[in-house]
Amino acid sequence: MLGFLKEPVVVTAKINVNLVALTAMGLISRLWGLCYPRAVVFDEVYYGQFVSLYMKRIFFVDDSGPPFGHMLLALGGYLGGFDGNFLWNRIGAEYSMNVPVWSLRLLPALAGALCVPLAYQILVELHFSHCAALGAALLILLENSLITQARFMLLESILIFFILLAVLSYLKFYNLQKHSAFSGSWWFWLLLTGVACSCAVGVKYMGLFTYMLLLAIAGLHFWHMIGDQNLSNVSLLCHFLARGLALIIIPMGMYLSFFYVHLALLYRSGPHDQIMTSAFQASLEGGLARITQGQPLEVAYGSQITLRNVLGKPMQCWLHSHTNTYPIRYENGRGSSHQQQVTCYPFKDVNNWWIVKDPGMQQLVVSNPPRPVRHGHIVQLVHGITTRYLNTHDVAAPLSPHSQEVSCYIDYNISMPAQNLWRVDIVNRESDTDVWKTILSEVRFVHVNTSAVLKVSGLSGASLPEWGYRQLEVVGEKLSKGYHQSMVWNVEEHRYGKSQEQKEREVELHSPTQMDISKNLSFMAKFTELQWKILTLKNEDTEHKYSSSALDWITMDTNIAYWLHPTSGAQIHLLGNVATWASANAAALVYLCLSLWYLLRRRRKIYDIPEEAWQLWMSAGGICGGGWAVNYLPFFLMEKTLFLYHYLPALTFQILLIPVVLQHLGDHLCRSVLLKSMFSALIVAWFSSVYFVYCTFSPVTYGQPALSLTELKALRWKDTWNILIRKQ
Numbered sequence: 001m002l003g004f005l006k007e008p009v010v011v012t013a014k015i016n017v018n019l020v021a022l023t024a025m026g027l028i029s030r031l032w033g034l035c036y037p038r039a040v041v042f043d044e045v046y047y048g049q050f051v052s053l054y055m056k057r058i059f060f061v062d063d064s065g066p067p068f069g070h071m072l073l074a075l076g077g078y079l080g081g082f083d084g085n086f087l088w089n090r091i092g093a094e095y096s097m098n099v100p101v102w103s104l105r106l107l108p109a110l111a112g113a114l115c116v117p118l119a120y121q122i123l124v125e126l127h128f129s130h131c132a133a134l135g136a137a138l139l140i141l142l143e144n145s146l147i148t149q150a151r152f153m154l155l156e157s158i159l160i161f162f163i164l165l166a167v168l169s170y171l172k173f174y175n176l177q178k179h180s181a182f183s184g185s186w187w188f189w190l191l192l193t194g195v196a197c198s199c200a201v202g203v204k205y206m207g208l209f210t211y212m213l214l215l216a217i218a219g220l221h222f223w224h225m226i227g228d229q230n231l232s233n234v235s236l237l238c239h240f241l242a243r244g245l246a247l248i249i250i251p252m253g254m255y256l257s258f259f260y261v262h263l264a265l266l267y268r269s270g271p272h273d274q275i276m277t278s279a280f281q282a283s284l285e286g287g288l289a290r291i292t293q294g295q296p297l298e299v300a301y302g303s304q305i306t307l308r309n310v311l312g313k314p315m316q317c318w319l320h321s322h323t324n325t326y327p328i329r330y331e332n333g334r335g336s337s338h339q340q341q342v343t344c345y346p347f348k349d350v351n352n353w354w355i356v357k358d359p360g361m362q363q364l365v366v367s368n369p370p371r372p373v374r375h376g377h378i379v380q381l382v383h384g385i386t387t388r389y390l391n392t393h394d395v396a397a398p399l400s401p402h403s404q405e406v407s408c409y410i411d412y413n414i415s416m417p418a419q420n421l422w423r424v425d426i427v428n429r430e431s432d433t434d435v436w437k438t439i440l441s442e443v444r445f446v447h448v449n450t451s452a453v454l455k456v457s458g459l460s461g462a463s464l465p466e467w468g469y470r471q472l473e474v475v476g477e478k479l480s481k482g483y484h485q486s487m488v489w490n491v492e493e494h495r496y497g498k499s500q501e502q503k504e505r506e507v508e509l510h511s512p513t514q515m516d517i518s519k520n521l522s523f524m525a526k527f528t529e530l531q532w533k534i535l536t537l538k539n540e541d542t543e544h545k546y547s548s549s550a551l552d553w554i555t556m557d558t559n560i561a562y563w564l565h566p567t568s569g570a571q572i573h574l575l576g577n578v579a580t581w582a583s584a585n586a587a588a589l590v591y592l593c594l595s596l597w598y599l600l601r602r603r604r605k606i607y608d609i610p611e612e613a614w615q616l617w618m619s620a621g622g623i624c625g626g627g628w629a630v631n632y633l634p635f636f637l638m639e640k641t642l643f644l645y646h647y648l649p650a651l652t653f654q655i656l657l658i659p660v661v662l663q664h665l666g667d668h669l670c671r672s673v674l675l676k677s678m679f680s681a682l683i684v685a686w687f688s689s690v691y692f693v694y695c696t697f698s699p700v701t702y703g704q705p706a707l708s709l710t711e712l713k714a715l716r717w718k719d720t721w722n723i724l725i726r727k728q
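Per full-length UniProt numbering, residue 1 is the first one in the sequence shown, and the count goes up by one each step.
Listed below in structure tokens is the structure:
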């Protein structure tokens, strides 16, 4: 029974020494001196703010993309014990002792280091030689721009890691297709493809480009499978469902999970939540939640309310009035009604309070039991402090003459009767009998007499002149067709009015709101709103000193100064390896020309290379050339400030194309022994130049050693490069 113990237990393993050595070199090149400089480097000033907010659990919105990349950076801070207390206000600022610099920069550095072995494995899975794969990995290893970007608290190296992991996983899955379909390893690599794609998209939306490329390639491969008569209909259906699950359903689920964790972590109110709806703000701890907690849910006749415009652009604002009137004549000579001004005011104020009144009754208090206001009901809105009624009439608005002026009615005993009836139109209602709810209901107010809709001015939130205290213009939009958020309002603060006397009511309006009902948003409602804000919220693009165009990237006519030592000449620049970039461009051009030549010849039934070599050539081009194209060409369509680091994912694919082209030339165009020997010698000389350029620019890649004035001037290989030279 115990006979198996008579023999020793032996475990054997195959170790790819190339892979181990490349991983070790990648780690050394990215982790060496990681804490240097102990100062804020370029966009660390941007991402560091989000890390601090994660540490303090304060909500924020970043319009640059999804939260997964930020969470990974925050994970580094968490593992290093960072408390979030650092003022990220200046590039070059020295880090205080509580900032774990090494830990914050660790994950991007690890991701950058692992890109080296990933490049090796991708070429192997594309069925190129180990020599070609080794060359690809070494080119990634010695690429100065990738090293620089990986050594700081930035996202590009993490993005590139997940992109390459997705490509490698799909290639491994595809290579298992013929002989091991539906095996454990087949499922592992298919699922990992979807996971890596979702992680790439979760880091930056640029990951979508590679994700779409892999979906297109997977679709093409499945199209070829449909023509395989050896596969039954059931088998094809299973393949289709497996790919749909792994490449679409799981990535979507993971993408949602990133936001779920993000929202679970950031539960406290902060400066960014003001751009969110009142319902979203009320779901956060502190801030609006402290004001609105316990408010009555249903708006009733006699309710005292503040109305926030849903659009929130150019800033959040509330329906507001004050005792001042519109000037009798405007600067352009047009006349006004001289009624009390109504505006949208971007600050909380007692003059933001309104009372919902039943037109058929005089009382301004909530009855017992309360009579809720429903969709379609007619109401009057009474300004709480001045007790004047919200009104509009056929008088041109001050800044928007095509729209009606909105005012609070003053009876001047002239032929202009009050027109102060408004119909409540609940935009997000579920039925026509829905009750108007605090925070949750999005409401339009339609003027009964003219059918005009109450809205913030369409002139990008036009501000009134000095007589209107620069507050935002509110108008009645006539002939309104369709739906726009500037027409939509929600009740933010709400109380049931109890005082009929004006003096008592004014005291009531100044008191805080505390009642008896709380409100919560579901995760999907919060996700939908946050996702929409990320996609639509755009900071004003300003010209940056180091911004560039997509055309500048190919020839590296630009650079970015990341850091400058305050006293010495030590500095760090985002600069690529000139030899590698030139070679990558040449490889792409050669690949394109050769492909066109082969296609023309094959059209004439002339086959210059074997069919197997042709399939290998095209598949490598689809991955490497296609990866470069999808990660580069879309930038020509983008209206945003662009920087050189945006090109790095495309560059990575282009670098992988270099050994593909070199092996093809050596195998199929250099047919004599002499030509092969000369070609090998040229490759050695070329690779030596790559290493020479890497060493030459290492001081501005790692920031040390400090260079003299002469040495810095010698590094300005192009007039367009901005190498920082101190004045003597």
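Ideal placement from N, C-alpha and C gives every residue a C-beta, glycine not left out.
Three-state secondary structure assigned by DSSP to residue i
i           : result
residue 322 : strand
residue 426 : strand
residue 385 : coil
residue 344 : strand
residue 94  : strand
residue 652 : helix
residue 30  : helix
residue 602 : helix
residue 617 : helix
residue 170 : helix
residue 659 : helix
residue 734 : Nothing about residue 734 can be read from this structure; the chain reaches only from 1 to 728.
residue 354 : strand
residue 48  : helix
residue 469 : coil
residue 310 : coil
residue 515 : For residue 515, the predicted structure reports a pLDDT of 39, less than 50, and the residue's modelled location is therefore unreliable. A value from the coordinates is still provided. Residue 515 falls in the coil class under three-state DSSP.
residue 691 : helix
residue 631 : helix
CA nearest to the CA of residue i, picked from the options
i           : options            : result
residue 79  : 91, 548, 62, 54    : 54
residue 378 : 73, 74, 426, 630   : 426
residue 313 : 473, 18, 177, 401  : 473
residue 644 : 686, 529, 148, 84  : 148
residue 634 : 86, 209, 686, 371  : 209
residue 308 : 661, 492, 705, 526 : 492
residue 639 : 548, 216, 114, 690 : 548
residue 178 : 235, 194, 325, 712 : 235
residue 246 : 276, 166, 227      : 166
residue 764 : 321, 554, 254, 174 : Nothing about residue 764 can be reported from this structure: the residues present for the chain run from 1 to 728 only.
residue 281 : 467, 652, 169, 440 : 440
residue 455 : 683, 478, 218, 244 : 478
residue 244 : 195, 256, 204      : 195
Other residues of its chain near residue i: CB distance less than 7 Å, five sequence neighbours each side excluded
i           : result
residue 694 : 142, 144, 577
residue 62  : 50, 70
residue 267 : 57, 284, 285
Anticipated Cβ contact below 8 Å, residue i with residue j, distance rounded
i           : j           : result
residue 108 : residue 154 : 6 Å
residue 544 : residue 559 : Between residue 559 and residue 544 the Cβ distance is about 13 Å, and since that is not below 8 Å, they are no contact.
residue 176 : residue 185 : 6 Å
residue 336 : residue 405 : 7 Å
residue 104 : residue 82  : 7 Å
residue 276 : residue 529 : 6 Å
Sequence-distant residues of its chain with Cβ nearer than 6 Å to residue i (five each side left out)
i           : result
residue 676 : 670
residue 41  : 152, 562, 563
residue 284 : 59, 269, 273
residue 732 : Residue 732 cannot be examined here, being either before or after the span of the chain that is shown, 1 to 728.
8 Å CB neighbourhood of residue i in its chain, flanking five on each side removed
i           : result
residue 239 : 181, 222, 225, 231
residue 401 : 334
residue 411 : 418
residue 489 : 307, 308, 309, 310, 319, 442, 443, 444, 445, 454
Residue i Cβ short of 7 Å to the ligand MG heavy atom set
i           : result
residue 147 : No copy of the ligand MG occurs in the structure displayed, which carries no ligand at all.
What runs of the alpha helix (DSSP H), each 4 residues or longer, lie entirely inside the stretch 66-113? The stretch 66-113 contains these whole alpha helix (DSSP H) runs: 68-79.
What ranges does the beta strand (DSSP E) occupy inside the stretch 545-590, keeping only unbroken runs of at least 3 residues that lie completely in it? Complete beta strand (DSSP E) runs here, min 3: 560-564, 571-574.
Alpha helix (DSSP H) runs wholly inside the stretch 180-266, at least 4 long, in chain order: Runs of the alpha helix (DSSP H) lying entirely within the stretch 180-266, each at least 4 residues long, are 184-203, 207-226, 233-244, 250-265 in chain order.
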